Amino acid sequence: MQPVSVSTTVSRPIGEVYDHLDVLGNHEAFTDHFMVDWELSGPPKGVGARLHANVVAMGRKQPIDLEVYEAAAPTTIVERTVAAGGKRVTRGTYRLEPVGEDATKVTFEIAWEKTPVGDRLAGPMIRPVLRKMNQKAMDRLAEQLA
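At position 33 of the sequence shown (counting the first as 1) the number is 35 in this note's numbering, and the numbers step up by one without a gap.
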């Protein structure tokens, strides 16, 4: 499946935005409209931070395991999510770019590394739902950091 990408502009310098996103627990406040039952483990920030949660989408609740496996301050954070009993593996990448001195463009892209057959068949329905959920998360992030 093709990746899904969304973005927003946050009215904060890139370093502040990165520091906020680097703490995995901070993501709950802007993703709790589709990710529930959070259980964090590992370090609170950076590579190795982990999350077990449930994703609620399209009338279903599915457990996921997420781990931050790459972090390059102040521009990139990469997460890997495993779901569907290991049949679905995605890579979520936050890319940050300065926009002037006091604003940051945040782009989040989800890409599939491993996709169950059902997801591939339902791709035309899944991608718009993911785009809407993730755009709402980016909009909420911008509001929270404003």
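Note that CB positions come from ideal geometry on N, CA and C, so glycine has one too. On a predicted model such as this, the values are computed, not experimentally measured, just so you know.
Where residue i falls, given that 16 or more other Cβ within 10 Å makes a residue buried
i	result
alanine 144	buried
methionine 37	buried
leucine 2	The first residue shown for the chain is 3 and the last is 148, placing residue 2 beyond what the model contains.
valine 19	buried
glutamate 115	exposed
For residue i, the three-state DSSP class (helix, strand or coil)
i	result
lysine 1	Residue coverage of the chain in this structure runs from 3 to 148, which leaves residue 1 outside it and unanswerable.
methionine 3	coil
valine 101	coil
alanine 74	strand
alanine 148	coil
Rounded distance between the beta-carbons of residue j and residue i, thought under 8 Å
i	j	result
leucine 26	proline 46	7 Å
threonine 106	proline 15	7 Å
threonine 92	alanine 73	At roughly 17 Å, the Cβ-Cβ gap does not stay under 8 Å, so threonine 92 and alanine 73 are not in contact.
Query raised in the report: On the three-pair Cβ rule with 8 Å, is the region 96–116 touching the region 63–81?
Result: yes
Requested in this report: Within the region 8–68, note down every full beta strand (DSSP E) run reaching 3 residues or more, in order along the chain.
Outcome: 37–43 and 52–59
Report task. Report yes or no: do the region 28–48 and the region 133–147 share at least 3 C-beta pairs separated by less than 8 Å? Result -> yes
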